[in-house]
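Reading the sequence shown from the start, the letters are residues -25 to -1, 1 to 452 in mature numbering (1 follows the signal peptide of the UniProt record, and there is no 0).
All C-beta atoms in this analysis are idealised placements derived from N, C-alpha and C, irrespective of residue type, glycine included.
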Amino acid sequence: MTPTLSKKRLKFAVPILMISLFASCGSPEPDENGKETAHGNTVNNNFPDFGRMISPADFHSMYPGEKVFQLSQDYPLEMPGEDQLPEFLNIPFDEDERWMEYINAVRDYSFEGMIDVNFVAQESKTRKWYHMPWMHWGPQGSEGFHGLAKEAEIGPYQLGPKQTEPHQTYALGFYNEFAGYTLAQMWKDGDNPDPYATQKPHGFPVGTVIFKLLFTDADETDADYLVNPMTWNAYITPSWNNGLDTGRVVKPMHLIQMDVMVRDSRADKYGTGWVFGTFCYNGKLNDGKEGAYRAENLVPVGIQFGNDPQDTTNFINPYPVSRTIINPNLKQTKINPDSTRLPPQHLGWGGRLDGPVDLNTSSCMSCHATAEFPQIAPLVPKQAFIGDTNALGQLTKLTETQAAEFKKYFENLECATPYTADATSCDFSLQVSLALGYITEWKDENVAGYWYSEYERLPTPMNRDGSPKIQASPPQQ
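What follows is the structure in structure tokens.
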């Protein structure tokens, strides 16, 4: 690390970190170059906690007694022992009679000790959870109330027939100690992360659990299942396309979805190594719960451990959705059939797993499989936006599903394997891809120079709503 780079890191980080000090004290001391070093069995580079927030004076006067978000970044340098492997790894995830038990156990594992502390990772007494660094960077950077980063646009009618206006989604991800070990390997040198930490022979170890909470500015007037919401304040843009870098406002955001990723060795035989799960919020089930305990209103949408490449059913459940249509031919996606608890879901292409704020022409696994550095591949291929539409302008059938790029999107990709030959694998973690891209942007701006590796490949800037960013007007979800 050069002294110039270190000084510029300090200049950029200090104003944000001054805000975070109001929330917590006792962070490790930086060395004389301003970079934190490994202490014992952890590494902490004192990355900025968030990127957008009201002033400290306004925060203390308007929200007395509250704390701002603090990045959990004491990443462990030692791999957790086998005795810390989640017990649900003994539950079959691919059996019709047991998959629901598995995914609910993943949810319980994620919530244990976290609901009690309103999902403040550092305060959990049950197990340690970590956040991804560098989510503060750029116009979509994280905000200071809860660390939510701008995630995706919700198109009209996507949530239901009453939702006539677009909305937006912000999200926060959590990584358990197995995942935290990989983050430590990647970010040992905070200015020069190792992108090969998530590529074979490395990658996230078995036992990795990642969960993400997604919040929206839509409410019960848009979708009746958002009644009795779990609400967090957030400093966000007034709308998805308004004020990317300026003009943010404090708005209440409502929990709508939870995504989980589990590195499970039993999924290796399906050619992926990962198990994905998605939950939808249903406040109609609230039954007196308050605060963070309302997260228990999240209902499993389904589970996915492969893309069923053999099934080419060209089907889309168009917006607005009246019922969940389950494709019985899918073997590597399991969908919750309980319509009394689960609100109607559009799902993904051909009925593959997708959440309520996700594109109905994609799938959880296919989108995450593209995670790489640099992000050469689009999160969703252009063919997923081309097809027949209904009277509301919503896609009803894709017309270019025979394209090689589209077929590849629904193949099964082995964990820690690059999606694109000229990139390194981020092992299905889009946040890893974002973080590596963001620090590269920061270096280019602050060091006023470039690295030869940036010219070896042709990256495609990532757009978190899944649409190709190179287009002047992103296609409507």
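Bridge partners for residue i per DSSP, in chain order?
i, result
"Asn208", "Pro227"
"Thr364", "Leu370"
"Met233", "Leu188, Phe254"
"Ser240", "Answer is none; Ser240 lacks a bridge partner."
"Ala391", "Per DSSP, none; premise fails for Ala391."
"Gln279", "Phe251, Thr308"
"Val274", "Cys255"
"Phe348", "Thr399"
"residue 454", "Residue coverage of the chain in this structure runs from -25 to 452, which leaves residue 454 outside it and unanswerable."
"Tyr105", "Tyr150"
Got a sec? Which residues, its chain only, sit under 7 Å from residue i by beta carbon, not counting five neighbours each side?
i, result
"Val92", "Glu98, Ser99"
"Tyr200", "Tyr256, Asn257, Gly258, Lys259, Pro318"
"Ser47", "Ala96, Gln97, Trp104, Tyr105, His106"
"Ser341", "Asn282, Tyr384, Phe385"
"Pro295", "Tyr132, Gly135, Pro136"
"Pro170", "Phe348, Thr399, Leu411"
"Arg316", "Asn257, Leu260, Val274"
"Ala270", "Phe86, Ile90, Met205, Leu230"
"Phe63", "Tyr77, Ala80, Val81, Tyr84"
"Lys306", "Asp283"
"Pro312", "Ile301"
"Asp243", "none"
"Thr101", "Glu87, Gly88"
What do you reckon, are the CB atoms on residue i and residue j nearer than 7 Å?
i, j, result
"Gln279", "Thr308", "yes"
"Tyr156", "Pro61", "no"
"Ile185", "Met233", "no"
"Tyr84", "Ile66", "no"
"Ser338", "Val355", "no"
"Phe179", "Ala198", "no"
"Pro293", "Thr371", "yes"
"Thr253", "Val276", "yes"
"Thr376", "Asn289", "yes"
"Gly119", "Phe44", "yes"
"Gln350", "Ser408", "yes"
"Pro141", "Gly130", "yes"
"Gln358", "Ala378", "yes"
"Gly246", "Cys390", "no"
"Trp112", "Tyr425", "no"
"Gly26", "Ser117", "yes"
"Phe68", "Val181", "no"
For residue i, report the span of its beta strand (DSSP E) as first-last.
i, result
"Trp426", "Looking at the DSSP string, Trp426 is not in any beta strand (DSSP E), and its letter there is neither H nor E."
"Glu126", "124 to 129"
"Val181", "From DSSP, Val181 is part of no beta strand (DSSP E); its letter is neither H nor E."
"Gln143", "142 to 150"
Here's a check: name, in chain order, each residue in its chain whose Cβ is nearer than 8 Å to the Cβ of residue i, leaving out the five neighbours to either side.
i, result
"Met228", "Leu123, Tyr145, Phe190, Thr191, Asp192, Thr206, Trp207, Asn208, Ala209, Ile211"
"Pro393", "Gln174, Glu347, Thr399, Ser400"
"Thr183", "Tyr150, Asn151, Phe153, Ala154, Thr157, Met236, Val237, Arg238"
"Ile361", "Leu373, Thr374, Glu375"
Which residue marks the beginning of the alpha helix (DSSP H) containing residue i, and which one marks its end?
i, result
"Ala96", "Taken as a continuous stretch (DSSP letters only), Ala96 belongs to no alpha helix (DSSP H), as it is neither H nor E."
"residue 457", "Residue 457 is absent from the model: the chain starts at -25 and stops at 452."
"Phe34", "31 to 37"
"Glu380", "379 to 384"
Take residue i and list the residues in its own chain whose beta-carbon comes closer than 6 Å to its own, dropping the five residues that flank it on each side.
i, result
"Leu(-5)", "The predicted position of Leu(-5) is uncertain, since its pLDDT is 26 and thus under 50; a value taken from the coordinates is nonetheless stated next. Nothing listed; no residue qualifies."
"Trp324", "Thr336"
"Met54", "Tyr156"
"Asn304", "Asp286"
"Ala352", "Thr345, Tyr394, Thr395"
"Tyr150", "Tyr105, Ile185"
"Lys187", "Ala146, Gly148, Asp234"
"Thr139", "Pro131"
Cβ of residue i less than 7 Å from any chain C Cβ?
i, result
"Val181", "Here chain C cannot be found, since the structure has a single protein chain."
>> Taking contact to mean 3 or more Cβ pairs, one atom from each stretch, closer than 8 Å, check whether the stretch 204 to 219 and the stretch 154 to 168 are in contact.
In response: Per the Cβ contact rule, the stretch 204 to 219 is not in contact with the stretch 154 to 168 (fewer than 3 Cβ pairs under 8 Å).
> Using 8 Å as the threshold, is the stretch 324 to 332 in touch with the stretch 394 to 401, meaning 3 or more CB pairs across them?
Replying inline: The count of Cβ pairs closer than 8 Å, one atom from the stretch 324 to 332 and one from the stretch 394 to 401, stays below three, leaving the stretches out of contact.
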